[in-house]
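Inspection log for the structure reproduced underneath, given as C-alpha cells.
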Amino acid sequence: MNENAYTRRDFLKAVGVGTAGAAIGLGAFGGARWARADPIYKGSSILAKAAPIDRGGPVVISGGKVIQPRREIRVMRETDVLVVGGGTAGVIAAISAARTGLDVTLVERYGCFGGLWTGGLVLIVLSTHARVDGKLTKCVRGIGDEMLERHLKIPGGIINQGPGKSNPTSDPEATKYIMADMVRAAGVHVVLHSWVTNAIVDGGNIRGVIFESKSGCLAIKAKVVIDASGDGDVFGAAGADNVRHVHRIGLVHRLGGVNTVDRDKARKAGVKLPRFGAATPIPGVTWVNMQGPTADCLDVEALSKIEMDDRAAIWKRIAEIREIPGCEKVFVLDTASQLGIRTSRTLVGTHEVNIKEVKARKTFSDVVAVGGSYSLTGGAPCLIPYGALVPVKIDNLLAAGRCVAADNLMLNYTRLIAPCMVTGHAAGAAAAVAVADKTTPRDVNVAKVQALLKKQGAYLG
Ligand SMILES: Cc1cc2nc3c(=O)[nH]c(=O)nc-3n(C[C@H](O)[C@H](O)[C@H](O)COP(=O)(O)OP(=O)(O)OC[C@H]3O[C@@H](n4cnc5c(N)ncnc54)[C@H](O)[C@@H]3O)c2cc1C
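Under the numbering used here, the sequence shown has 779 at position 313, and the numbering climbs by one with no breaks.
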C-alpha cells in the first residue's frame, strides 16, 4: 500500500474516535447518522415560536429610487476582540487573543475556515522558512506552526512539513478540520454564514460591525476589531485610508487520476505531456494554480464573468488533456469554492512594508511578525513592523493578512500564506494587549505585544 494511502481506520484515529468508534459503524459515527440516501421523512417539524427575523421593514421605491428605511439593528453580542474573516490570518488572530482569556468573536461569511488556503484551494504554504546565518530557519512558529504540525497527525494531511522541510502543501479538508478544532479549543465564539457589510464608527473609533445572515441583519460590538477579511471590507467601510488594486484572478482547481497517466503510451504516440499542476498529499491528485485575467477584485460583475469564463476554460482544457494518448483517465476533481482573489484593498498603515527597506534588510524596534524568504526578500526573512497593521486614521482597528499595508511589490509577499499567519498572530496579540491594558491598538505597548508573541512561540528574528 502507498505510504500516503489513507484508510478509514486512520481517519477515525486521527479525529480521535479510535477503534471503538470504528466498531460502532458508520450509522452512529460522531453522533451523526450516515446513510446512502435520505430516508422518507414523515413530515417536517414546525417551529412553534420562531424568532422573528428583522429585516428593518420592506425596502421601498421613492421617486424612482430604491430606499432602505432607517432602522435599529439588534446587537447580537458584545465582545472584547472581534475578528472579521476566518481565513489564515483571522483564525490565527482569534486563537492568539482567545488564548489570553479574553472574549473573542470570529465572523466568517462561509461555513468553514481557511479562506483562500482551503476554500480557494491554494494549498502550498510559501515562505515558511528563510536562510539565517546560512542555516534554513523556521520563521513561522507559534500558532501557525502548531497548525501545520497538526497536519502530520492526519494521514494524507500534508507533504513537505517537518524537520529540514519547508513550504508544505496541505490537504484542504484536513486544514479546515484542524482550524475549527483549534478555534473551538481556544474558546472563540464562532459566527459562520455571516457577511459583514458595514462598520459601526463613532468619533473616529470603530465600535463593531453589522452583518447580514439568515437571522437577519445583526450587530456585534467590540473593544477592538481586526479586519482579516482579505479585502479590507471593514477598514474600507470604516473610512480608513486604503489603496485599491487590480490583480490576476483565477479559479484554482484540482485534477484527479494523474497517477493513471500512461507515459509510455504518450511517448509512443510522440506527444508531449501537459503540465498537470503541483503535487498534493493525495496520490494522483494535483492542484492547478490558474493565473486568469487582471481585474478589479471588488467588482462583482467582473468576478461573475471570470468565474463563468474560468469554469468553461477548465472544462475545455480537461477535454483536450483527455484526448492525449495515455491521459484518458485524468479528471477534474474539484474547483475552488472561493475565486482566487490575490489582492483588492490594502491598508494605508502608519508604516508600509516596502521593497526599499526589505532590500536594505532594515530592522525595526517594533517588529511584530517575521515571514520566511521569497524571491522579493532576496532569500532573507522579512521583518514586518507593527505599523503595517495600524490604520493612519480610525482607532480600535487592526488589519491582518493579505490586506496589511504594503507597497505594490511587497503586497505580493505579505499576501502569501506564511506571512498571513504571522501578521494574523501579531494582530491577535496586539488586540489582546490593548484590551487588557484598556488602551487602543495605536497606543499599545509594543514591547508587551512582542513579549506575548514570544510567550505564544512566535519568532521575531
Ligand atoms: C490564485 C492564487 C494563488 C496563490 N498561490 C499562493 C501560493 O502558492 N502560496 C501562498 O503561500 N500563497 C498563495 N496565494 C496567496 C494566499 O493564498 C492568500 O493571500 C492568503 O491565503 C490570504 O489569507 P488571508 O487570511 O489574509 O485572507 P483570505 O484567505 O482571503 O481570508 C479572508 C476570509 O475572510 C472572509 N471574508 C471576506 N470578506 C468577508 C466579509 N465581508 N464578512 C465576513 N467574512 C469575510 C473570507 O470568506 C475568508 O474566509 C495565492 C492566492 C491566489 C488567489
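Yeah, the Cβ is synthetic: ideal placement off N, Cα and C, and Gly gets one too.
As the structure is a prediction and not an experimental result, all values here were calculated from the model.
Within 7 Å: the Cβ of residue i and any heavy atom of ligand 1?
i, result
"residue 794", "no"
"residue 755", "yes"
"residue 643", "no"
"residue 553", "yes"
"residue 661", "yes"
"residue 574", "yes"
"residue 592", "yes"
"residue 696", "yes"
"residue 656", "no"
"residue 582", "yes"
"residue 718", "yes"
"residue 605", "no"
"residue 884", "yes"
"residue 649", "no"
"residue 881", "yes"
"residue 547", "no"
"residue 550", "yes"
"residue 838", "no"
"residue 556", "yes"
"residue 543", "no"
Is residue i buried or exposed, if buried means 16 or more other CB atoms sit within 10 Å of its CB?
i, result
"residue 845", "exposed"
"residue 491", "Any reading at residue 491 must be qualified, since the residue scores a pLDDT of 42, below 50, and its modelled position is unreliable; no value is offered."
"residue 874", "exposed"
"residue 879", "buried"
"residue 507", "exposed"
"residue 916", "buried"
"residue 766", "exposed"
"residue 945", "Outside the displayed span of the chain (467 to 927) sits residue 945, for which this structure offers no information."
"residue 839", "buried"
"residue 527", "exposed"
"residue 522", "exposed"
"residue 911", "exposed"
"residue 525", "exposed"
"residue 629", "exposed"
"residue 907", "buried"
"residue 668", "exposed"
Determine the closest residue to residue i out of the options, with distance taken between C-alpha atoms.
i, options, result
"residue 654", "570, 764, 661, 517", "570"
"residue 561", "918, 631, 778", "918"
"residue 798", "810, 814, 778", "778"
"residue 904", "688, 722, 858, 600", "688"
"residue 872", "860, 862, 856, 861", "856"
"residue 598", "898, 869, 848, 870", "848"
"residue 833", "711, 611, 891", "891"
"residue 850", "516, 816, 747", "816"
"residue 941", "608, 771, 897, 595", "Outside the shown range of the chain, which is 467 to 927, sits residue 941, and nothing can be said about it."
"residue 699", "588, 665, 723, 611", "665"
"residue 813", "694, 882, 686", "694"
"residue 647", "753, 661, 617", "617"
"residue 862", "759, 768, 546", "546"
"residue 631", "770, 738, 602", "602"
Straight-line CA distance for residue i to residue j?
i, j, result
"residue 487", "residue 504", "The predicted model places residue 487 with a pLDDT of 38, which falls under 50 and marks its position as unreliable; any figure quoted below should be read in that light. Their backbone Cα atoms lie some 23 Å apart in a straight line."
"residue 853", "residue 782", "46 Å"
"residue 520", "residue 774", "34 Å"
"residue 537", "residue 708", "29 Å"
"residue 923", "residue 534", "48 Å"
"residue 789", "residue 877", "40 Å"
"residue 493", "residue 744", "Note that residue 493 scores a pLDDT of 45, beneath 50, so its modelled location is shaky; the value from the coordinates is reported in the next line. The straight-line gap from Cα to Cα measures roughly 36 Å."
"residue 558", "residue 510", "39 Å"
"residue 606", "residue 836", "7 Å"
"residue 785", "residue 761", "27 Å"
"residue 578", "residue 682", "20 Å"
"residue 865", "residue 902", "19 Å"
"residue 884", "residue 900", "25 Å"
"residue 712", "residue 820", "18 Å"
"residue 575", "residue 692", "15 Å"
"residue 453", "residue 888", "Because the chain here runs from 467 to 927, residue 453 falls outside it and cannot be looked at."
"residue 658", "residue 530", "36 Å"
"residue 909", "residue 550", "22 Å"
"residue 882", "residue 810", "14 Å"
"residue 869", "residue 792", "44 Å"
"residue 471", "residue 748", "Residue confidence for residue 471 is low, a pLDDT of 45 falling below 50, so the modelled location carries little weight and cannot support an answer."
"residue 755", "residue 642", "20 Å"
"residue 796", "residue 780", "13 Å"
For residue i, decide whether its Cβ has a neighbour in chain C, counting only Cβ atoms nearer than 8 Å.
i, result
"residue 814", "Structure shown: chain C not included; a single protein chain is present."
Stretch pair the region 793-809 + the region 712-722: three plus CB contacts closer than 8 Å: yes
Touching by the beta-carbon criterion (3+ pairs, under 8 Å), the region 575-590 and the region 613-622: no
Segment contact, 8 Å Cβ cut-off, at least three pairs: the region 623-641 with the region 539-548: no
Segment contact flag, the region 728-738 with the region 816-832, C-beta cutoff 8 Å, min 3 pairs: no
At least 3 beta-carbon pairs within less than 8 Å: the region 662-672 vs the region 690-709: yes
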